[in-house]
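Q: Protein chains in written order, with the working numbering: chain A, 14 to 373; chain B, 14 to 373.
Backbone N, C-alpha and C fix where the C-beta goes; we use that ideal spot for every residue, glycine too.
Here the structure is a predicted model, which is why all the values come from computation and not from measurement.
Here it is, the structure in full.
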């Protein structure tokens, strides 16, 4: 069932039955090198997680690094499985991939946009992003993007992305204490220390882009540009949780400084129940900090009907969101899928890949 | 199951799997002021029923007048619930609203066409419509309409619309005795008296539009224009019962007088079983009066599997059709929905709204 987070039901109702393009931005922040900071920081090759997510959603296979599956069984299956499972029973009309600094996924026949960006650096040493360049490339992408469907879902796969998102929001001066989620059950002191260290490098004279250069990640900056230029031409779903809220806060700050007007009428954020009802974060509070109104929604889907223990970990607070899982669940529901049908498809999708490479 | 009313199965088969735009014309006739004439004449605010129907089908909520729900529980849930229920499990690609003289529905994000028409008057005093103006605006709408899908469903919500439809058909000289349906179980003497009084105002010198000005309603005249200009460019489903048949009779008369040719190849009428098998009306006879051939169909759906007594009243002859219910049922069946799935969705849709505002 689709629930309202902020705003009213009209925006989401207008998407019922509509065709969507699903865009996945793949990026990572070397902040993930810090042991224990992130859900993914103990993965042997966390930087291959974004192309792996891309392979899962596009072709239902893992190619870039099979061994990562070992890490995934230790943890919770990536939300890419949720998106893939929806796509198998109620397909998106287009899935496209945006490479913001990762190894390219090993898939043919799917649109792959590349910009030769380097990965975002570890924020404790300065993320070292040419933020203005990344932002301009995002603006240009949104301006020239060939619209193929009724609306566009912008999703992301960014290991350690919530840490850079929180660091950015705080660098921009928002009081976001306790608002940001993580893929771990609870936030760690390691994470708080890293953010504090990152923020200590911010200087009073830094403008928005200087701040973003030091503490953000490529996805946040690139998508800010995309949203600003593309939302004039089509409806956009930000498929994600507090990272997408941070993206909106970045846009809010850019508008604030640049003094231009911004029409949020065409933009919505869609996330999961695990984010919307998370006790350790507060996405609603983040969205209410915006100077513009935003309609936002979540699917109340959970894994109560699942046969797989790994997936049930979502219900106890792990993983929560990512790879547009919440937007995909809502997309499925907007096309009439019910909870049992969705659950069975996710179970099957996970089992299929796990059984292909190892015993579950 | 989809049944043939007139013609053969080929037209409807050509719509299988096709995407549809669903257009709802909202209008009312002050004929509804006559107590006991109509299903809706005892509603406290019958003139808000069309925007309410629009709110139900687009956003699954009632906003313009919650108190109308009290009237609805006394009677039978509006057929808007059927259309909404189909839309939730097999969505139309677009739902658009046409305001022909009602309070605008309180929904955002849905296309709403307006023409500043006044409501049609009470036919016993003369409907007082500028029929030529309404017709021309319909022609222009059909000519310039931006076609978004494979075909278009033209549906209506017009309290007291069957009375003006019958009055128009009789004014145009068709022998339609016993042919017209009503949302009440049976036609009343009040209704017959009103029609006779309306017809007494018709003069021998009145042309088609002069007659329509006196006894029709905005929907019939506007849609006649739309069908005449739009059917050259796309397939059109008239979603309704004897009112839509009256619309075709009006077109028939216009063609007859204007001497032009008319290609009915692109037009079909789709209704419910409750109309097609109604003992107190005869839509087939109306369609056979046309000088052109028309393919028409109905869904044999009924509420035998429903858990709700209110809905079962349809099976004993109440409400019957409206808000494109028959066309919606057929649309669902053309996309593979079975009776139980449809029934459960309608039950759920009704319960959800009723429980939101009151105890059922």
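(1) Give me, in chain order, the residues of the same chain whose beta-carbon lies closer than 6 Å to that of residue 127 of chain B; leave out the 5 immediate sequence neighbours on both sides.
(2) Looking at the C-beta of residue 278 of chain B, does it have a partner C-beta in chain A at a distance below 7 Å?
(3) Are the C-beta of residue 71 of chain B and some C-beta of chain A separated by less than 7 Å?
(4) Could you compute how far the alpha carbon of residue 285 of chain A sits from the alpha carbon of residue 266 of chain A?
(5) Who are the near neighbours of residue 183 of chain B in its chain, counting only those whose CB is closer than 7 Å to its CB and skipping five residues on each side?
(6) Can you grab the Cα-Cα spacing for the pair residue 24 of chain B / residue 33 of chain A, in whole Å?
(7) Starting from residue 39 of chain B and walking both ways along the beta strand (DSSP E), at which residues does that stretch end?
(8) Could you confirm whether any beta carbon from chain B is found closer than 7 Å to the beta carbon of residue 51 of chain A?
(9) Helix, strand or coil for residue 153 of chain A, going by three-state DSSP, please let me know.
(10) Taking the continuous alpha helix (DSSP H) assigned at residue 209 of chain A, which residues delimit it?
(11) Can you check which of these residues, B:348, B:334 and B:50, is closest to residue 311 of chain B by C-alpha distance?
(12) Can you tell me the Cβ-Cβ gap for residue 385 of chain A and residue 66 of chain A, rounded? I've got them flagged as a contact below 8 Å.
(13) Starting from residue 123 of chain B, find everything on chain A with Cβ-Cβ shorter than 7 Å and list it in chain order.
(14) Of all the residues that make up the segment 328-342 of chain B, which are near chain A by a beta-carbon distance shorter than 9 Å?
(15) I'd like to know if the segment 244-263 of chain B and the segment 165-184 of chain B are in contact, where contact means that at least 3 CB-CB pairs between them fall below 8 Å.
(16) Quick one: does residue 345 of chain A have its CB under 7 Å from some CB of chain B?
(17) Looking only at DSSP bridge pairs, what is residue 280 of chain B linked to?
(18) Sorted by chain position, which residues of the same chain lie with C-beta nearer than 7 Å to residue 96 of chain B's C-beta, five sequence neighbours on each side aside?
(19) Name the DSSP bridge partner or partners of residue 107 of chain A?
(20) Residue 38 of chain A and residue 257 of chain A look like a contact to me (Cβ under 8 Å); what is the Cβ gap, rounded to whole Å?
(21) Counting only C-beta atoms, is residue 104 of chain B closer than 7 Å to chain A at any point?
(22) For residue 270 of chain B versus residue 230 of chain B, is the C-beta spacing smaller than 7 Å?
(23) Using a threshold of 7 Å, state whether the C-beta atoms of residue 179 of chain A and residue 253 of chain A are closer than that.
(24) Since residue 251 of chain A and residue 282 of chain A should fall inside the 8 Å C-beta cutoff, what is the C-beta to C-beta distance between them, to a whole number of angstroms?
(25) Chain B beta carbons: is any one of them nearer than 7 Å to that of residue 254 of chain A?
(26) Hey, how far is the Cα of residue 81 of chain A from the Cα of residue 157 of chain B?
(27) Buried or exposed: where does residue 369 of chain B fall if 16 or more other Cβ atoms within 10 Å of its Cβ makes it buried?
(28) Applying a beta-carbon distance threshold of less than 9 Å, which residues of chain A neighbour residue 163 of chain B?
(29) Given that residue 213 of chain A touches chain B, what residues does it touch there, using C-beta distances under 9 Å?
(30) Would you kindly work out how many angstroms separate the C-alpha atoms of residue 373 of chain B and residue 91 of chain B, rounded to a whole number?
(31) Per the DSSP calculation, residue 240 of chain A is bridged to which residue(s)?
(32) Relative to the C-alpha of residue 199 of chain B, which candidate in B:55, B:63, B:58 and B:331 has its C-alpha closest?
(33) Measuring only between beta-carbons, confirm whether residue 230 of chain A sits less than 7 Å from chain B.
(34) Within 7 Å of any Cβ in chain A, is that where the Cβ of residue 166 of chain B sits?
(35) Residues in the same chain with beta-carbon distance under 7 Å from residue 236 of chain B, minus the five sequence neighbours each way, listed in chain order, please.
A: Looking at the atomic coordinates:
(1) In the second chain, residue 127 of chain B corresponds to position 114, counting from 1. Counting only Cβ-Cβ distances below 6 Å, and skipping sequence neighbours, we find 112.
(2) Indexing the second chain from 1 puts residue 278 of chain B at position 265. By this cut-off, residue 278 of chain B is not an interface position.
(3) For the purposes of this step, residue 71 of chain B is identified with residue 58 of the second chain, where counting begins at 1. Chain A, which has a Cβ nearer than 7 Å to the Cβ of residue 71 of chain B, makes this yes.
(4) Here residue 285 of chain A corresponds to residue number 272 of the first chain, with the count starting at 1. Here residue 266 of chain A corresponds to residue number 253 of the first chain, with the count starting at 1. Spanning the alpha carbons of residue 285 of chain A and residue 266 of chain A requires a straight line of approximately 26 Å.
(5) As a working mapping, residue 183 of chain B is identified with position 170 in the second chain. Correct list, in chain order: 189, 208 and 212.
(6) As a first step, residue 24 of chain B is located in the second chain; it is residue number 11 there, counting from the start. As a first step, residue 33 of chain A is located in the first chain; it is residue number 20 there, counting from the start. Answer to the nearest angstrom: the Cα atoms are 29 Å apart.
(7) Along the second chain, one-based indexing puts residue 39 of chain B at 26. Looking at the DSSP string, the run of the beta strand (DSSP E) that includes residue 39 of chain B is 33-39.
(8) Walking along the first chain from the start, residue 51 of chain A turns up at place 38. Not flagged as an interface residue toward chain B: residue 51 of chain A, since no C-beta distance is shorter than 7 Å.
(9) Along the first chain, read from residue 1 onward, the residue named residue 153 of chain A stands at position 140. Here residue 153 of chain A sits in helix by DSSP.
(10) Translated into positions along the first chain, residue 209 of chain A becomes position 196. It spans 202-212 - the alpha helix (DSSP H) in which residue 209 of chain A sits, taken as one unbroken run.
(11) Here residue 311 of chain B refers to the residue found at position 298 of the second chain. Of the candidates B:348, B:334 and B:50, the one whose C-alpha sits nearest the C-alpha of residue 311 of chain B is B:334.
(12) Given that chain A is displayed from residue 14 to residue 373, the structure contains no residue 385 of chain A and the question cannot be resolved.
(13) Residue numbering aside, residue 123 of chain B sits at position 110 when the second chain is read from its first letter. The contacting residues are 27.
(14) none
(15) yes
(16) Locating residue 345 of chain A in the first chain gives position 332, where the first residue counts as 1. Cβ-Cβ to chain B under 7 Å: no for residue 345 of chain A.
(17) Against the second chain, residue 280 of chain B aligns to sequence position 267. Residue 280 of chain B is bridged to B:249.
(18) One-based indexing of the second chain puts residue 96 of chain B at position 83. Only 70, 336, 337, 338 and 341 meet the Cβ criterion.
(19) Reading the first chain from its first residue, position 94 is the one you call residue 107 of chain A. BP columns for residue 107 of chain A point to A:34.
(20) On the first chain, position 25 is the one that residue 38 of chain A refers to. On the first chain, position 244 is the one that residue 257 of chain A refers to. Rounded, the Cβ-Cβ distance is 11 Å, inconsistent with contact.
(21) Residue mapping note: residue 104 of chain B aligns to position 91 of the second chain, counting from 1. Yes, residue 104 of chain B lies at the interface with chain A (some Cβ there is under 7 Å from its Cβ).
(22) Sequence index remark: in the second chain, residue 270 of chain B carries index 257 (1-based). Sequence index remark: in the second chain, residue 230 of chain B carries index 217 (1-based). Not a contact, by the Cβ cut-off of 7 Å.
(23) Locating residue 179 of chain A in the first chain gives position 166, where the first residue counts as 1. Locating residue 253 of chain A in the first chain gives position 240, where the first residue counts as 1. No, they are not a contact pair.
(24) What you label residue 251 of chain A is simply residue 238 of the first chain in a count that begins at 1. What you label residue 282 of chain A is simply residue 269 of the first chain in a count that begins at 1. Rounded, the Cβ-Cβ distance is 4 Å, consistent with contact.
(25) For the purposes of this step, residue 254 of chain A is taken as residue 241 along the first chain, with counting starting at 1. With a threshold of 7 Å between beta carbons, residue 254 of chain A makes no contact with chain B.
(26) Within the first chain, residue 81 of chain A is the residue found at index 68, counting from 1. Within the second chain, residue 157 of chain B is the residue found at index 144, counting from 1. When rounded, the distance between both Cα atoms is 56 Å.
(27) Stepping through the second chain from its first residue, residue 369 of chain B is reached at position 356. So residue 369 of chain B ends up on the exposed side.
(28) Within the second chain, residue 163 of chain B is the residue found at index 150, counting from 1. Chain A residues near residue 163 of chain B: none, gap ~13 Å exceeds 9 Å.
(29) On the first chain, residue 213 of chain A is found 200 positions in, with the first residue counted as 1. Residues of chain B passing the Cβ test: none, with the nearest at roughly 45 Å.
(30) As a working mapping, residue 373 of chain B is identified with position 360 in the second chain. As a working mapping, residue 91 of chain B is identified with position 78 in the second chain. Because the pLDDT at residue 373 of chain B is just 40, under 50, the model does not fix this residue reliably, and the value given afterwards should be weighed accordingly. The straight-line gap from Cα to Cα measures roughly 15 Å.
(31) Counted from its first residue, the first chain places residue 240 of chain A at position 227. Partner(s): none; residue 240 of chain A has no beta bridge.
(32) To locate residue 199 of chain B, count along the second chain from 1; it is residue 186. It is B:331 whose Cα lies nearest to the Cα of residue 199 of chain B.
(33) The sequence position of residue 230 of chain A within the first chain is 217, counting from 1. No - not a single Cβ of chain B is within 7 Å of the one on residue 230 of chain A.
(34) Looking up residue 166 of chain B in the second chain gives position 153. No - not a single Cβ of chain A is within 7 Å of the one on residue 166 of chain B.
(35) The residue you call residue 236 of chain B lines up with position 223 of the second chain. Around residue 236 of chain B: 38, 151, 167 and 260.
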